[in-house]
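**Q** Have a look at this one before I ask anything.
Protein chains in written order, with our numbering: chain A, -19 to 456; chain B, 247 to 341.
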């Protein structure tokens, strides 16, 4: 019998503000423990939260990007639970009236078709601190630097039907928040975290009981964790058991999920409006001012690259994965005047060099204008594409710009017809046997002569000229 | 009774409030009285009334995104029962 998987995702995106959501503490990552925890973050008596304007701005920006309904009036609520890394005994979140209402994201499936995934809501909330359970005998260490960091929790509809769709949605969202500049997307540092609600059912039947898998912090893990969880649930049901609603933690080392705690009823959090905070009003003027800061979004950019630069869908897709790559490409394309060549090189040698060295494109040792300078030398026949790879490597290693590398290493292409002719005459004279065979009809030997000419010129002879002159001379 | 003793015990536990055994009955009675009053208020027709999120009829003021706090860890940790390497120490909690 067939099973259908149902997946909904809750994604926590840490907003890229300088200060916390309700206090003036820094949100910088990696500081000494508790040096960025103020009285507000520590939940001391008598303090009051004051909402960060930028966090509201970013939430609205995100809402506009997913075509969502924006609440003209949204309310902060207290989510009550006890845990030592939550000093106040409640998390300030939003419950009934979130700032971002229903929206949607379109994902591309493997067969190329488009599927729309509903976004139920996105709300502002504060992050908790960190508990360190190791290192202290019988005790837990608490670091509250992260407490009060602004989060946007983005909740999807249960619209995904397999792990691949979940990954596609998460990747799309990841690219979007980075495009918008509202989240740095750093998954290692926990800036972008995902919880997955997974259940199985017979097609056409009501939803099955779901399990929530916590803290999936890589695209690879989320796919494996969901697939594992689906198998676990099917095994339980097929052997006559029932799935319990609970929170499970994914263990990447063992590739399994294990029970963490029974998910308490939502009511047990006893949400109520936070009396310390007034309702947040979003005016049409505010929305208009945010809309004016919206950058071109990935999908629109991709379509523009296809029409404006005549790129293939594949190239355009690769180049719009991140805003930095897209900006770099555009600068190179405009700098050298040949978009297709720019796309090939950015997706090819540059991308390979970045992957090899683990460097981000924004810090690439060859900047976009220098890169355009290199491609110009291919276009004006100063060097061949093959020699350009050598020049690129030298530029990457800091040996100067394209022109000085070409000059220093003497890589300028030989285009002097007389010189190429003289060289080819020598090659033909030195290889009488091959020449005779070629003339007798062994066409394959043409490659041998091209190779000999390129070798003799150390790769610098213009390949088109070599071909043309060889053809003519060998014809006898 | 609008609320049972079991519910009172559960709410007290969720709020981490200690209740002596002989006070449970009194709390249940008093809370029930309050809830009975709420039940009377529920008879009022509130269609079209926006639920009140705050008694003040104002909207939230926003602050600029500027770091204004400096590190006062030593002063704050002076009142903590136990600290180590800059961390607050609490009895071990693990799920």
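The C-beta atom is built at its ideal place from N, Cα and C for all residues, glycine as well. Keep in mind the model is a prediction, meaning the values are calculated, not measured.
(1) Taking the alpha helix (DSSP H) that residue 187(A) belongs to, which residues open and close that run?
(2) Just to check my reading of the structure: residue 289(A) and residue 319(A) have Cβ atoms closer than 8 Å, yes? What is that Cβ distance to the nearest angstrom?
(3) Is the beta carbon of residue 46(A) closer than 8 Å to that of residue 58(A)?
(4) Closer than 7 Å by beta-carbon distance: list the chain B residues that pair up with residue 123(A), in chain order.
(5) Just checking: is the beta-carbon of residue 137(A) within a distance shorter than 8 Å of some beta-carbon in chain B?
(6) At the level of alpha carbons, what is the spacing between residue 325(B) and residue 299(B)?
(7) Can you find a CB in chain B that lies within less than 8 Å of the CB of residue 119(A)?
(8) For residue 15(A), which residues in chain B fall below 8 Å Cβ to Cβ?
(9) Check whether the Cβ atoms of residue 299(A) and residue 41(A) lie closer than 8 Å to each other.
(10) Would you check if there are 3 or more beta carbon pairs closer than 8 Å linking the stretch 230 to 238 of chain A to the stretch 182 to 189 of chain A?
(11) Suppose you measure from the CA of residue 250(B) to the CA of residue -18(A); what does that come to, to the nearest Å?
(12) Can you round the beta-carbon distance between residue 276(A) and residue 135(A) to whole angstroms, since I take them to be within the 8 Å contact cut?
(13) Chain B partners of residue 63(A), CB-CB under 9 Å?
(14) Pair every Cβ in the stretch 69 to 85 of chain A with every Cβ in the stretch 24 to 43 of chain A, then say whether three or more of these pairs are closer than 8 Å.
(15) Can at least three beta-carbon pairs, one atom from the stretch 119 to 139 of chain A and one from the stretch 8 to 16 of chain A, be found at a separation below 8 Å?
(16) Beta carbons nearer than 8 Å to chain B: which residues of the stretch -7 to 6 of chain A have them?
(17) For residue 223(A), which option in 310(A), 137(A) and 177(A) has the closest C-alpha, if you only look at C-alpha atoms?
(18) Scan the stretch 265 to 349 of chain A and note each continuous alpha helix (DSSP H) run of 4 residues or more that stays entirely inside, going in chain order.
(19) Taking only beta-carbon positions, decide if residue 252(B) is within less than 8 Å of chain A.
(20) Using C-beta distances below 6 Å, list every residue in its chain close to residue 346(A), excluding the 5 sequence neighbours before and after it, in chain order.
(21) Kindly list the residues whose CB is nearer than 6 Å to the CB of residue 381(A), restricted to its own chain and excluding five residues on each side of it in sequence; keep chain order.
(22) So the beta strand (DSSP E) residue 136(A) belongs to, where does it begin and stop?
(23) According to DSSP, simplified to helix, strand and coil, what is residue 171(A)?
(24) Establish whether the CB of residue 246(A) and some CB of chain B are separated by less than 8 Å.
(25) Rounding to the nearest angstrom, what Cα-Cα distance links residue 160(A) and residue 367(A) in this structure?
(26) Quick check: does the Cβ of residue 300(B) come within less than 7 Å of any heavy atom belonging to the ligand HEM?
(27) For residue 201(A), count the other beta carbons within 10 Å of its own beta carbon; 16 or more makes it buried, fewer makes it exposed. Which is it?
(28) Who are the near neighbours of residue 113(A) in its chain, counting only those whose CB is closer than 6 Å to its CB and skipping five residues on each side?
(29) To the nearest whole angstrom, what separates the beta carbons of residue 55(A) and residue 259(A), a pair I think is in contact under 8 Å?
(30) Using CA coordinates, which residue listed in 52(A), 101(A) and 227(A) is at the minimum distance from residue 268(A)?
(31) Which chain B residues are close to residue 41(A), counting only those with a beta carbon under 8 Å from its beta carbon?
(32) Do you know how far the Cα of residue 169(A) is from the Cα of residue 480(A)?
(33) Please classify residue 68(A): is it buried, with 16 or more other beta-carbons within 10 angstroms of its beta-carbon, or exposed?
(34) In its own chain, which residues sit with a C-beta less than 7 Å from the C-beta of residue 110(A), not counting the 5 before and 5 after it?
(35) Comparing C-alpha positions only, which one of 399(A), 403(A) and 428(A) sits nearest to residue 413(A)?
(36) Verify the CB distance criterion: does residue 308(B) have a CB-CB separation below 8 Å to chain A?
**A** Reading it off the structure:
(1) The continuous stretches of alpha helix (DSSP H) do not include residue 187(A), and DSSP gives it neither H nor E.
(2) That pair is a contact at about 4 Å.
(3) In this structure, residue 46(A) does not lie closer than 8 Å to residue 58(A) by Cβ.
(4) Proximity of chain B to residue 123(A) at the Cβ level (cut-off 7 Å) is accounted for by 333, in chain order.
(5) Chain B contact via Cβ: absent.
(6) So the alpha carbons of these two residues sit roughly 35 Å apart.
(7) Yes - at least one Cβ of chain B is within 8 Å of the one on residue 119(A).
(8) Those are 317, 319 and 332, listed as they occur along chain B.
(9) In this structure, residue 41(A) does not lie closer than 8 Å to residue 299(A) by Cβ.
(10) No, the stretch 230 to 238 of chain A is not in contact with the stretch 182 to 189 of chain A.
(11) Straight-line Cα distance between these residues: approximately 45 Å.
(12) Contact flag wrong, Cβ pair sits at about 26 Å.
(13) Here the neighbours are 339.
(14) Two segments are said to touch when three or more pairs of C-beta atoms, one from each, lie closer than 8 Å; by this definition the stretch 69 to 85 of chain A touches the stretch 24 to 43 of chain A.
(15) They touch, by the three-pair rule.
(16) Taking 8 Å as the Cβ-Cβ cut-off against chain B, the residues of the stretch -7 to 6 of chain A that qualify are -3, -2, -1, 3, 4, 5 and 6.
(17) For the residues 310(A), 137(A) and 177(A), the minimum Cα distance to residue 223(A) belongs to 177(A).
(18) Fully enclosed alpha helix (DSSP H) runs of 4 or longer: 278 to 289, 293 to 299, 303 to 316, 319 to 325 and 331 to 337.
(19) Under the 8 Å criterion on CB atoms, residue 252(B) is classed as non-interfacial with respect to chain A.
(20) If we look at residue 346(A) and ignore the five residues flanking it on each side, its Cβ neighbours are 375 and 376.
(21) Excluding positions up to five away in sequence, the list reads 350 and 353.
(22) It spans 130 to 136 - the beta strand (DSSP E) in which residue 136(A) sits, taken as one unbroken run.
(23) In this structure, DSSP gives residue 171(A) a state outside helix and strand, which the three-state scheme calls coil.
(24) Because the pLDDT of residue 246(A) is 47, which lies under 50, any placement of that residue in the model is unreliable, and the number read from its coordinates should be weighed accordingly. It does not; no Cβ of chain B falls within 8 Å.
(25) So the alpha carbons of these two residues sit roughly 39 Å apart.
(26) The ligand HEM is absent from the structure shown, which contains no ligands of any kind.
(27) Residue 201(A) sits buried, since 16 or more C-beta atoms from the chains shown fall within 10 Å of its C-beta.
(28) Contacts found: 120.
(29) With a Cβ gap of about 5 Å, residue 55(A) and residue 259(A) count as contacting.
(30) The shortest Cα separation from residue 268(A) among 52(A), 101(A) and 227(A) belongs to 52(A).
(31) Going along chain B, no residue has its Cβ under 8 Å from residue 41(A), so there is no contact; the nearest lies around 13 Å.
(32) Outside the shown range of chain A (-19 to 456) lies residue 480(A), about which nothing can therefore be said.
(33) Under this definition residue 68(A) is a buried residue.
(34) Result list for residue 110(A): 65, 123 and 126, in chain order.
(35) Closest by alpha carbon: 428(A).
(36) Yes, its Cβ sits closer than 8 Å to a Cβ of chain A.
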